[in-house]
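Visitor: Taken in order, the sequence shown gives residues 108 to 480; the numbers are from the working numbering. From the three backbone atoms N, C-alpha and C, an ideal C-beta is built for every residue, glycine too. Given the structure is predicted, the values throughout are model-derived calculations rather than measurements. Below: one structure in C-alpha coordinates.
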Amino acid sequence: MIQDSERAYIHWLYQAMGMGNRRLFRELRQLATAEEIYEMARKGLLEEKLSGRYQKKVQKITASAISYDVIGEYERMTERGIEFTAVEEEGFPKKLATIPDAPSLIYYAGKLPDDQCKSVAVIGARECSEYGHRMAREFGKMLAEAGIQVISGMARGIDGIGQTAALRAGGYSLGVLGCGVDICYPSEHRTLYEQLLVQGGVCSEYPPGIEPRAVLFPPRNRIISGLCDAVLVIEAKERSGTLITVDMALEQGREVYALPGRTTDPLSRGCNRLIRQGAEIVVSPQDLLKELDPEFTKKETCEQQMFFMPDGMKGQLMQILDYQPKSMDVIHKTYEDTYNCYLAIPELCHELLQLCAMGYAGQIGGSYYVRKM
(Lines of atoms letter the chains of each structure in order from A and count residues from 1; the text may use other names and numbers.)
(Lines give C-alpha, C1' and ligand atoms only; values in the text may rest on other atoms or scores of the structure.)
Protein backbone atom coordinates (compact mmCIF):
# COMPACT_ATOMS: atom_id res chain seq x y z
CA MET A 1 0.00 0.00 0.00
CA ILE A 2 1.38 3.41 -0.96
CA GLN A 3 1.64 5.88 1.91
CA ASP A 4 -0.32 9.11 1.43
CA SER A 5 2.86 11.17 1.76
CA GLU A 6 4.41 9.22 -1.16
CA ARG A 7 1.55 9.61 -3.63
CA ALA A 8 2.38 13.17 -4.63
CA TYR A 9 5.95 12.14 -5.49
CA ILE A 10 4.82 9.11 -7.50
CA HIS A 11 2.55 11.40 -9.55
CA TRP A 12 5.50 13.75 -10.12
CA LEU A 13 7.86 10.94 -11.15
CA TYR A 14 5.36 9.32 -13.51
CA GLN A 15 4.59 12.47 -15.46
CA ALA A 16 8.23 13.68 -15.36
CA MET A 17 9.40 10.66 -17.39
CA GLY A 18 6.95 11.16 -20.25
CA MET A 19 5.17 8.42 -22.20
CA GLY A 20 6.17 4.80 -22.64
CA ASN A 21 8.66 4.29 -19.81
CA ARG A 22 7.17 1.52 -17.70
CA ARG A 23 10.52 -0.26 -17.37
CA LEU A 24 12.33 2.85 -16.11
CA PHE A 25 9.47 3.65 -13.75
CA ARG A 26 9.69 0.16 -12.24
CA GLU A 27 13.48 0.37 -11.91
CA LEU A 28 13.29 3.73 -10.18
CA ARG A 29 10.66 2.56 -7.72
CA GLN A 30 12.76 -0.51 -6.91
CA LEU A 31 15.78 1.73 -6.39
CA ALA A 32 14.15 4.05 -3.82
CA THR A 33 10.91 5.74 -2.87
CA ALA A 34 9.61 8.40 -5.24
CA GLU A 35 10.37 11.06 -2.64
CA GLU A 36 13.96 9.82 -2.38
CA ILE A 37 14.22 9.85 -6.20
CA TYR A 38 13.02 13.45 -6.10
CA GLU A 39 15.70 14.43 -3.60
CA MET A 40 18.42 12.63 -5.58
CA ALA A 41 17.29 14.37 -8.77
CA ARG A 42 17.36 17.80 -7.11
CA LYS A 43 20.92 17.16 -5.93
CA GLY A 44 22.06 15.87 -9.35
CA LEU A 45 22.81 12.40 -7.98
CA LEU A 46 20.28 10.36 -9.96
CA GLU A 47 22.47 9.72 -13.01
CA GLU A 48 25.02 7.94 -10.81
CA LYS A 49 22.37 5.41 -9.79
CA LEU A 50 21.26 4.42 -13.29
CA SER A 51 22.91 2.98 -16.37
CA GLY A 52 23.84 5.24 -19.27
CA ARG A 53 20.94 4.17 -21.51
CA TYR A 54 18.59 6.36 -19.45
CA GLN A 55 20.72 9.51 -19.67
CA LYS A 56 18.17 11.66 -21.52
CA LYS A 57 15.34 10.52 -19.29
CA VAL A 58 17.37 11.22 -16.17
CA GLN A 59 18.13 14.72 -17.44
CA LYS A 60 14.40 15.27 -17.98
CA ILE A 61 13.55 14.01 -14.48
CA THR A 62 16.28 16.19 -12.95
CA ALA A 63 15.00 19.30 -14.75
CA SER A 64 11.45 18.57 -13.58
CA ALA A 65 12.52 18.11 -9.94
CA ILE A 66 14.06 21.58 -9.90
CA SER A 67 10.94 23.41 -11.09
CA TYR A 68 7.95 21.18 -10.22
CA ASP A 69 5.58 21.99 -7.34
CA VAL A 70 5.10 18.38 -6.19
CA ILE A 71 2.63 18.87 -3.34
CA GLY A 72 0.75 21.73 -4.97
CA GLU A 73 0.23 19.93 -8.29
CA TYR A 74 -0.95 16.78 -6.55
CA GLU A 75 -3.43 18.69 -4.40
CA ARG A 76 -4.77 20.55 -7.43
CA MET A 77 -5.29 17.23 -9.20
CA THR A 78 -7.15 15.58 -6.32
CA GLU A 79 -9.29 18.68 -5.80
CA ARG A 80 -10.62 18.08 -9.33
CA GLY A 81 -11.68 14.57 -8.33
CA ILE A 82 -8.80 12.81 -10.08
CA GLU A 83 -7.01 9.94 -8.33
CA PHE A 84 -4.57 7.23 -9.36
CA THR A 85 -3.92 3.65 -8.36
CA ALA A 86 -0.70 1.70 -8.91
CA VAL A 87 -0.56 -1.85 -10.22
CA GLU A 88 0.59 -3.24 -6.86
CA GLU A 89 -2.25 -1.58 -4.93
CA GLU A 90 -5.45 -3.24 -3.74
CA GLY A 91 -7.59 -0.79 -5.68
CA PHE A 92 -6.00 -1.53 -9.06
CA PRO A 93 -8.43 -3.52 -11.29
CA LYS A 94 -7.49 -7.19 -10.89
CA LYS A 95 -8.31 -8.18 -14.47
CA LEU A 96 -6.08 -5.44 -15.83
CA ALA A 97 -3.22 -6.35 -13.47
CA THR A 98 -2.98 -9.81 -15.08
CA ILE A 99 -2.18 -8.68 -18.63
CA PRO A 100 1.50 -8.94 -19.71
CA ASP A 101 2.00 -5.19 -20.25
CA ALA A 102 -0.21 -3.83 -17.48
CA PRO A 103 0.16 -0.07 -16.95
CA SER A 104 2.13 1.01 -13.89
CA LEU A 105 -0.52 3.56 -12.93
CA ILE A 106 -4.13 4.23 -13.82
CA TYR A 107 -5.54 7.72 -13.35
CA TYR A 108 -9.28 7.85 -12.91
CA ALA A 109 -12.24 10.08 -12.10
CA GLY A 110 -15.50 8.61 -10.87
CA LYS A 111 -15.37 4.89 -10.05
CA LEU A 112 -13.25 2.06 -11.41
CA PRO A 113 -15.02 -1.23 -12.32
CA ASP A 114 -16.06 -3.67 -9.60
CA ASP A 115 -13.76 -6.70 -9.80
CA GLN A 116 -16.61 -8.93 -8.63
CA CYS A 117 -18.84 -8.05 -11.62
CA LYS A 118 -18.50 -9.18 -15.22
CA SER A 119 -17.42 -6.57 -17.76
CA VAL A 120 -17.85 -6.48 -21.53
CA ALA A 121 -16.16 -4.14 -24.00
CA VAL A 122 -18.68 -2.90 -26.60
CA ILE A 123 -16.68 -1.56 -29.53
CA GLY A 124 -17.03 -0.86 -33.22
CA ALA A 125 -17.02 1.59 -36.09
CA ARG A 126 -17.05 5.33 -35.51
CA GLU A 127 -19.10 5.94 -38.65
CA CYS A 128 -21.65 3.22 -37.93
CA SER A 129 -24.81 2.40 -39.83
CA GLU A 130 -28.35 2.73 -38.49
CA TYR A 131 -28.27 -1.02 -37.91
CA GLY A 132 -25.08 -0.71 -35.88
CA HIS A 133 -26.58 2.20 -33.94
CA ARG A 134 -29.62 0.17 -32.99
CA MET A 135 -27.68 -2.94 -32.01
CA ALA A 136 -25.16 -0.99 -29.91
CA ARG A 137 -28.07 0.63 -28.10
CA GLU A 138 -29.80 -2.70 -27.48
CA PHE A 139 -26.65 -4.50 -26.30
CA GLY A 140 -25.60 -1.63 -24.05
CA LYS A 141 -29.05 -1.42 -22.49
CA MET A 142 -29.54 -5.13 -21.83
CA LEU A 143 -26.02 -5.69 -20.56
CA ALA A 144 -26.54 -2.89 -18.05
CA GLU A 145 -29.93 -4.28 -17.00
CA ALA A 146 -28.25 -7.62 -16.36
CA GLY A 147 -25.69 -5.98 -14.07
CA ILE A 148 -22.79 -6.30 -16.53
CA GLN A 149 -20.35 -3.40 -16.71
CA VAL A 150 -19.89 -1.83 -20.16
CA ILE A 151 -16.32 -0.75 -20.97
CA SER A 152 -15.39 1.23 -24.06
CA GLY A 153 -13.34 4.12 -25.41
CA MET A 154 -15.99 6.87 -25.41
CA ALA A 155 -15.36 7.24 -29.16
CA ARG A 156 -17.86 8.34 -31.76
CA GLY A 157 -20.22 5.71 -33.11
CA ILE A 158 -20.59 2.27 -31.52
CA ASP A 159 -18.48 2.97 -28.41
CA GLY A 160 -20.37 6.05 -27.31
CA ILE A 161 -23.79 4.68 -28.27
CA GLY A 162 -23.31 1.50 -26.23
CA GLN A 163 -22.05 3.43 -23.22
CA THR A 164 -24.87 5.97 -23.37
CA ALA A 165 -27.45 3.17 -23.54
CA ALA A 166 -25.88 1.43 -20.53
CA LEU A 167 -26.02 4.61 -18.46
CA ARG A 168 -29.60 5.37 -19.46
CA ALA A 169 -30.54 1.87 -18.31
CA GLY A 170 -29.08 2.66 -14.89
CA GLY A 171 -25.93 0.59 -15.34
CA TYR A 172 -22.22 1.19 -14.90
CA SER A 173 -19.88 2.17 -17.74
CA LEU A 174 -16.21 3.13 -17.89
CA GLY A 175 -14.59 5.24 -20.59
CA VAL A 176 -10.93 4.42 -21.27
CA LEU A 177 -9.32 7.51 -22.77
CA GLY A 178 -6.36 8.11 -25.07
CA CYS A 179 -5.61 11.36 -23.22
CA GLY A 180 -5.72 12.68 -19.67
CA VAL A 181 -8.92 11.99 -17.73
CA ASP A 182 -9.46 15.74 -17.37
CA ILE A 183 -9.98 16.07 -21.13
CA CYS A 184 -13.26 15.20 -22.86
CA TYR A 185 -12.44 13.62 -26.21
CA PRO A 186 -14.23 13.76 -28.56
CA SER A 187 -15.60 17.12 -27.45
CA GLU A 188 -19.12 16.34 -28.71
CA HIS A 189 -19.37 13.62 -26.07
CA ARG A 190 -19.41 16.15 -23.24
CA THR A 191 -22.79 14.92 -21.98
CA LEU A 192 -21.62 11.29 -21.98
CA TYR A 193 -18.34 12.27 -20.28
CA GLU A 194 -20.14 14.14 -17.50
CA GLN A 195 -22.60 11.30 -16.97
CA LEU A 196 -19.74 8.80 -16.75
CA LEU A 197 -18.22 10.88 -13.96
CA VAL A 198 -21.48 10.66 -12.01
CA GLN A 199 -22.63 7.11 -12.77
CA GLY A 200 -19.47 5.31 -13.85
CA GLY A 201 -15.97 6.52 -14.47
CA VAL A 202 -13.21 7.48 -16.89
CA CYS A 203 -9.62 6.25 -16.71
CA SER A 204 -6.32 6.55 -18.52
CA GLU A 205 -2.71 5.51 -18.11
CA TYR A 206 -1.76 9.03 -19.25
CA PRO A 207 -1.42 11.79 -16.63
CA PRO A 208 -3.93 14.66 -16.52
CA GLY A 209 -3.30 17.34 -19.10
CA ILE A 210 -2.05 14.99 -21.82
CA GLU A 211 -3.82 15.94 -25.04
CA PRO A 212 -5.20 13.24 -27.37
CA ARG A 213 -2.79 12.15 -30.11
CA ALA A 214 -3.13 9.35 -32.65
CA VAL A 215 -0.11 7.50 -31.23
CA LEU A 216 -1.76 7.23 -27.79
CA PHE A 217 -4.88 5.34 -28.86
CA PRO A 218 -3.52 1.90 -29.86
CA PRO A 219 -1.84 1.39 -26.44
CA ARG A 220 -5.03 2.38 -24.60
CA ASN A 221 -6.92 -0.38 -26.47
CA ARG A 222 -5.09 -3.03 -24.45
CA ILE A 223 -6.59 -1.44 -21.33
CA ILE A 224 -10.12 -1.63 -22.74
CA SER A 225 -9.77 -5.36 -23.39
CA GLY A 226 -7.69 -5.93 -20.26
CA LEU A 227 -10.48 -4.64 -18.03
CA CYS A 228 -13.03 -7.03 -19.54
CA ASP A 229 -14.11 -10.64 -19.48
CA ALA A 230 -15.18 -10.44 -23.13
CA VAL A 231 -15.11 -8.13 -26.14
CA LEU A 232 -18.13 -7.57 -28.39
CA VAL A 233 -17.64 -6.12 -31.88
CA ILE A 234 -20.83 -4.61 -33.29
CA GLU A 235 -19.56 -3.27 -36.62
CA ALA A 236 -16.08 -2.96 -38.10
CA LYS A 237 -14.49 -2.49 -41.48
CA GLU A 238 -12.01 -5.08 -42.69
CA ARG A 239 -9.14 -2.70 -41.89
CA SER A 240 -10.21 -1.11 -38.66
CA GLY A 241 -8.77 0.24 -35.43
CA THR A 242 -11.38 -1.87 -33.67
CA LEU A 243 -9.48 -4.98 -34.73
CA ILE A 244 -6.42 -3.76 -32.82
CA THR A 245 -8.44 -4.13 -29.64
CA VAL A 246 -9.55 -7.60 -30.76
CA ASP A 247 -5.94 -8.70 -31.34
CA MET A 248 -5.00 -7.49 -27.89
CA ALA A 249 -8.02 -9.23 -26.36
CA LEU A 250 -6.99 -12.53 -27.91
CA GLU A 251 -3.42 -12.13 -26.63
CA GLN A 252 -4.87 -11.53 -23.17
CA GLY A 253 -7.06 -14.64 -23.34
CA ARG A 254 -10.36 -12.75 -23.52
CA GLU A 255 -13.41 -14.11 -25.32
CA VAL A 256 -14.30 -12.30 -28.54
CA TYR A 257 -17.85 -12.07 -29.90
CA ALA A 258 -18.99 -10.52 -33.16
CA LEU A 259 -22.31 -9.50 -34.65
CA PRO A 260 -22.64 -10.84 -38.20
CA GLY A 261 -23.75 -8.60 -41.06
CA ARG A 262 -24.32 -8.56 -44.78
CA THR A 263 -21.39 -9.74 -46.86
CA THR A 264 -21.82 -6.68 -49.12
CA ASP A 265 -21.73 -4.18 -46.25
CA PRO A 266 -18.21 -2.73 -45.67
CA LEU A 267 -19.07 -2.09 -42.01
CA SER A 268 -19.74 -5.80 -41.47
CA ARG A 269 -16.69 -7.21 -43.22
CA GLY A 270 -14.53 -6.92 -40.11
CA CYS A 271 -17.11 -8.78 -38.01
CA ASN A 272 -17.63 -11.45 -40.65
CA ARG A 273 -13.89 -11.98 -40.93
CA LEU A 274 -13.61 -12.35 -37.14
CA ILE A 275 -16.33 -15.00 -37.24
CA ARG A 276 -14.48 -16.89 -39.98
CA GLN A 277 -11.38 -16.77 -37.80
CA GLY A 278 -13.20 -18.26 -34.81
CA ALA A 279 -14.97 -15.45 -32.97
CA GLU A 280 -18.26 -16.47 -31.39
CA ILE A 281 -21.42 -15.34 -33.20
CA VAL A 282 -24.05 -13.39 -31.29
CA VAL A 283 -27.21 -12.14 -32.95
CA SER A 284 -28.95 -10.71 -29.89
CA PRO A 285 -28.13 -9.47 -26.38
CA GLN A 286 -29.70 -12.65 -25.00
CA ASP A 287 -27.15 -14.73 -26.93
CA LEU A 288 -24.28 -12.87 -25.30
CA LEU A 289 -25.82 -12.99 -21.83
CA LYS A 290 -26.26 -16.75 -22.10
CA GLU A 291 -22.62 -17.09 -23.18
CA LEU A 292 -21.49 -15.07 -20.18
CA ASP A 293 -23.75 -17.02 -17.82
CA PRO A 294 -25.31 -20.29 -19.12
CA GLU A 295 -27.97 -20.11 -16.41
CA PHE A 296 -28.97 -16.59 -17.34
CA THR A 297 -32.62 -15.98 -18.19
CA LYS A 298 -33.82 -12.52 -19.12
CA LYS A 299 -37.35 -11.27 -19.25
CA GLU A 300 -38.31 -9.01 -22.11
CA THR A 301 -37.02 -5.50 -21.79
CA CYS A 302 -39.37 -2.55 -21.43
CA GLU A 303 -38.46 -1.50 -24.96
CA GLN A 304 -39.60 -4.86 -26.32
CA GLN A 305 -42.80 -4.81 -24.30
CA MET A 306 -43.75 -1.29 -25.34
CA PHE A 307 -42.84 -1.49 -29.03
CA PHE A 308 -45.81 -1.64 -31.36
CA MET A 309 -45.53 -1.89 -35.12
CA PRO A 310 -47.70 0.75 -36.85
CA ASP A 311 -50.66 -0.66 -38.75
CA GLY A 312 -52.07 0.16 -42.16
CA MET A 313 -49.82 1.70 -44.78
CA LYS A 314 -47.23 2.72 -42.20
CA GLY A 315 -46.86 -0.89 -41.11
CA GLN A 316 -46.49 -1.98 -44.73
CA LEU A 317 -43.80 0.63 -45.32
CA MET A 318 -41.97 -0.54 -42.20
CA GLN A 319 -41.73 -4.00 -43.78
CA ILE A 320 -40.05 -2.43 -46.81
CA LEU A 321 -37.68 -0.07 -44.99
CA ASP A 322 -34.27 -1.41 -43.99
CA TYR A 323 -31.33 -0.34 -41.86
CA GLN A 324 -29.56 0.40 -45.13
CA PRO A 325 -30.83 3.58 -46.85
CA LYS A 326 -33.38 3.13 -49.64
CA SER A 327 -34.32 5.79 -52.14
CA MET A 328 -37.86 7.07 -52.53
CA ASP A 329 -38.02 5.48 -56.00
CA VAL A 330 -37.02 2.04 -54.66
CA ILE A 331 -39.51 2.26 -51.78
CA HIS A 332 -42.28 3.34 -54.17
CA LYS A 333 -41.64 0.55 -56.68
CA THR A 334 -41.26 -2.10 -53.96
CA TYR A 335 -44.53 -1.03 -52.34
CA GLU A 336 -46.52 -1.19 -55.58
CA ASP A 337 -44.94 -4.53 -56.58
CA THR A 338 -45.42 -6.08 -53.13
CA TYR A 339 -48.96 -4.95 -52.47
CA ASN A 340 -50.10 -4.81 -56.13
CA CYS A 341 -51.67 -1.38 -55.79
CA TYR A 342 -51.13 2.17 -56.93
CA LEU A 343 -49.50 4.63 -54.51
CA ALA A 344 -49.26 8.34 -55.25
CA ILE A 345 -45.86 9.89 -54.55
CA PRO A 346 -47.29 12.73 -52.37
CA GLU A 347 -49.09 10.15 -50.22
CA LEU A 348 -45.88 8.09 -49.89
CA CYS A 349 -43.93 11.22 -48.83
CA HIS A 350 -46.56 12.03 -46.23
CA GLU A 351 -46.48 8.53 -44.72
CA LEU A 352 -42.69 8.37 -44.66
CA LEU A 353 -42.38 11.77 -42.98
CA GLN A 354 -44.89 10.70 -40.36
CA LEU A 355 -42.83 7.56 -39.68
CA CYS A 356 -39.80 9.83 -39.24
CA ALA A 357 -41.67 12.09 -36.84
CA MET A 358 -42.75 9.02 -34.83
CA GLY A 359 -39.14 7.80 -34.58
CA TYR A 360 -39.69 4.67 -36.65
CA ALA A 361 -37.70 5.89 -39.67
CA GLY A 362 -35.01 8.40 -40.54
CA GLN A 363 -34.48 10.60 -43.58
CA ILE A 364 -31.04 10.83 -45.20
CA GLY A 365 -30.07 13.31 -47.86
CA GLY A 366 -33.62 14.34 -48.69
CA SER A 367 -34.80 11.31 -50.67
CA TYR A 368 -33.36 8.29 -48.79
CA TYR A 369 -34.97 6.62 -45.81
CA VAL A 370 -33.83 4.08 -43.21
CA ARG A 371 -35.64 2.02 -40.63
CA LYS A 372 -34.80 2.99 -37.03
CA MET A 373 -36.86 0.51 -35.01
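Looking at the strands, I want to know which residues DSSP matches up with S434.
Guide: In DSSP, S434 forms a bridge with Y475.
Visitor: Taking R327 as the reference, give the member of E318, S434, A148, Y313 with the closest Cα.
Guide: R327 has its Cα closest to that of Y313, out of E318, S434, A148, Y313.
Visitor: With distances taken Cα to Cα, identify the nearest neighbour of L381 among E134, G260, Y364, K397.
Guide: Per the Cα distances, Y364.
Visitor: Among P367, V340, T205, G151, which one has its Cα closest to the Cα of I173?
Guide: That would be G151, whose Cα lies nearest to the Cα of I173.
Visitor: Are the Cβ atoms of D222 and Y279 separated by less than 9 Å?
Guide: In this structure, Y279 does not lie closer than 9 Å to D222 by Cβ.
Visitor: Give me the Cα-Cα distance between E154 and S294, rounded to the nearest whole angstrom.
Guide: Spanning the two alpha carbons is a distance of roughly 41 Å.
Visitor: Evaluate I471 with the Cβ neighbour count: other Cβ atoms within 10 Å of its Cβ, from every protein chain shown; 16 or more gives buried, anything less gives exposed.
Guide: Looking at its Cβ environment, which holds fewer than 16 other Cβ atoms inside 10 Å, I471 is exposed.
Visitor: With distances taken between CB atoms, is the gap from T352 to R329 smaller than 9 Å?
Guide: In contact: T352 and R329 (Cβ atoms closer than 9 Å).
Visitor: So the candidates are L396, L135, V177; which of them puts its Cα closest to the Cα of E498?
Guide: Because the chain in this structure spans residues 108 to 480, residue 498 falls outside the shown range and cannot be described.
Visitor: Per DSSP, I230 is paired with what?
Guide: V340, per the DSSP bridge assignment.
Visitor: Would you decide whether M465 is buried or exposed? Buried here means 16 or more other CB atoms lie within 10 Å of its CB.
Guide: When all chains shown are included, M465 counts as exposed.
Visitor: Would M261 pass as a contact of L299 if the rule is Cβ separation under 9 Å?
Guide: Contact: yes.
Visitor: With DSSP as the reference, label I388 as helix, strand or coil.
Guide: Here I388 sits in strand by DSSP.
Visitor: Mark N379 as exposed unless 16 or more other C-beta atoms lie within 10 angstroms of its C-beta, in which case mark it buried.
Guide: So N379 ends up on the buried side.
Visitor: Pull up the distance between the alpha-carbon of V390 and that of D336, whole angstroms please.
Guide: V390 and D336: Cα-Cα distance of roughly 19 Å.
Visitor: Kindly list the residues whose CB is nearer than 8 Å to the CB of I452, restricted to its own chain and excluding five residues on each side of it in sequence; keep chain order.
Guide: Contacts found: M435, H439.
Visitor: Please say whether L203 and V503 have beta carbons closer to each other than 9 Å?
Guide: For the chain, the structure presents residues 108 to 480; residue 503 sits outside this window and is missing.
Visitor: Could you tell me the alpha carbon to alpha carbon distance between V288 and G282, rounded to whole angstroms?
Guide: Each residue's Cα considered, the two are about 9 Å apart.
Visitor: Pull the bridge partners of E190 from the DSSP assignment, please.
Guide: Looking at the DSSP assignment, E190 forms a beta bridge with Y215.
Visitor: Rounded to whole angstroms, what's the CA-CA distance from G469 to Q393? Just pull it up for me.
Guide: If you take the alpha carbons of G469 and Q393, they lie about 27 Å apart.
Visitor: What's the gap between the Cα of V229 and the Cα of Q426?
Guide: Answer to the nearest angstrom: the Cα atoms are 29 Å apart.
Visitor: Checking the sheet assignment: what are the DSSP bridge partners for A468?
Guide: According to DSSP, which records beta bridges pairwise, A468 is partnered with R478.
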